[in-house]
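Read the structure below first, then the notes.
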Amino acid sequence: GKKQYDREFLLDFQFMPVCI
Amino acid sequence: AKGLVFEMVEKHPLQNRWALWFFKNDKSKTWQANLHLITKFDTVEDFWGLYHHIQPASKLTPGCDYSLFKDGIEPMWEDDQNKRGGRWLVTLAKQQRHTDLDHFWLETLLCLIGESFERFGGDICGAVLNVRAKGDKIAVWTCEADNRDGVTHIGRVYKERLGLTQKVTIGYQAHTDTASKSHNLTKNKFVV
Numbered sequence: 032g033k034k035q036y037d038r039e040f041l042l043d044f045q046f047m048p049v050c051i
Numbered sequence: 328a329k330g331l332v333f334e335m336v337e338k339h340p341l342q343n344r345w346a347l348w349f350f351k352n353d354k355s356k357t358w359q360a361n362l363h364l365i366t367k368f369d370t371v372e373d374f375w376g377l378y379h380h381i382q383p384a385s386k387l388t389p390g391c392d393y394s395l396f397k398d399g400i401e402p403m404w405e406d407d408q409n410k411r412g413g414r415w416l417v418t419l420a421k422q423q424r425h426t427d428l429d430h431f432w433l434e435t436l437l438c439l440i441g442e443s444f445e446r447f448g449g450d451i452c453g454a455v456l457n458v459r460a461k462g463d464k465i466a467v468w469t470c471e472a473d474n475r476d477g478v479t480h481i482g483r484v485y486k487e488r489l490g491l492t493q494k495v496t497i498g499y500q501a502h503t504d505t506a507s508k509s510h511n512l513t514k515n516k517f518v519v
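Structure (structure tokens):
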């Protein structure tokens, strides 16, 4: 399906540490 | 550390891969030579990694631009995906650089990568931020200026997401009109 993300969902990831 | 649970989580894929471009005005070079691709990303996590790595919009030198476009579309009118299109233009007053610019630009980016325009998401090409001494501008570019349903839907959603009041209007201009006229004479094809 289409990957739609609302702003709150996206903002939840703002300061999440991630391995790059 | 007893009781701690470490989860292995995959990154969250976006619907589209996006390219971030940076333009720095150097009058000794051509317009195209001043345009640089910074990077491409296609996950939520990589978007934030990039966002926090670069200067916020309000800290850019006047004359600079950021552009976020779908992979494969260059941030210029001449691109095949842009040439029949246009832009919803948000013009900021000088003092709004310190109050609204960063918020508006982030909201614009989130609208794009989160696919906020629903069934008209396919009309979206990208967004452009111009930092200018006389007043900053943000625009959402779409691919087909004559697609009234798509353009007006995108404009309404975008205006709401920016939190603009009913007293404020934003206009949509076809690139062909912008290219052929001086900027302050370009007529709005649609207004919301």
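Each protein sequence line maps, in turn, to chains A and B.
Residue numbers for the first sequence follow our numbering, so the first one is 32 and each next one is one higher.
Residue numbers for the second sequence follow our numbering, so the first one is 328 and each next one is one higher.
Each residue gets a CB set at the ideal place from its N, CA and C atoms; glycine is no exception.
This one's a predicted model, so the numbers in the text were calculated from it and none came from an experiment.
Which residues in chain A have a C-beta closer than 9 Å to the C-beta of V484 of chain B? List them in chain order.
As a position in the second sequence, residue 484 of chain B is number 157, starting the count at 1. Residues of chain A passing the Cβ test: none, with the nearest at roughly 12 Å.
Is L416 of chain B near G498 of chain B, with beta carbons less than 8 Å apart?
If you number the second sequence from 1, residue 416 of chain B lands on position 89. If you number the second sequence from 1, residue 498 of chain B lands on position 171. Going by C-beta atoms, L416 of chain B is nearer than 8 Å to G498 of chain B.
What is the DSSP secondary structure of G283 of chain B, counted as helix, strand or coil?
Because chain B in this structure spans residues 328 to 519, residue 283 of chain B falls outside the shown range and cannot be described.
Whose Cβ in chain A lies nearer than 8 Å to the Cβ of Q342 of chain B?
In the second sequence, residue 342 of chain B corresponds to position 15, counting from 1. Here the neighbours are K33, K34 and Q35.
Look up W375 of chain B in the DSSP assignment and say whether it is helix, strand or coil.
In the second sequence, counting from the first residue as 1, residue 375 of chain B sits at position 48. Helix.
Taking Cβ to Cβ, would you say T503 of chain B is nearer than 8 Å to V519 of chain B?
Position 176 of the second sequence, counted from the start, is the residue given in the question as residue 503 of chain B. Position 192 of the second sequence, counted from the start, is the residue given in the question as residue 519 of chain B. Result no, Cβ atoms of T503 of chain B and V519 of chain B do not sit closer than 8 Å.
Counting C-beta neighbours from all protein chains within 10 Å, is the total for L364 of chain B 16 or more, i.e. buried, or is it exposed?
Reading the second sequence from its first residue, position 37 is the one you call residue 364 of chain B. By the 10 Å Cβ count, L364 of chain B comes out exposed.
Who are the neighbours of W375 of chain B on chain A, taking C-beta pairs under 7 Å?
Position 48 of the second sequence, counted from the start, is the residue given in the question as residue 375 of chain B. F44 and Q45, listed in chain order.
Contact check, C452 of chain B vs I381 of chain B under 8 Å by CB: the rounded distance?
Start at 1 with the first residue of the second sequence, and residue 452 of chain B comes out as number 125. Start at 1 with the first residue of the second sequence, and residue 381 of chain B comes out as number 54. C452 of chain B to I381 of chain B, Cβ: 21 Å. No contact.
What in chain D is Cβ-close to V371 of chain B, meaning under 7 Å?
Of the protein chains in this structure, namely A and B, none is chain D.
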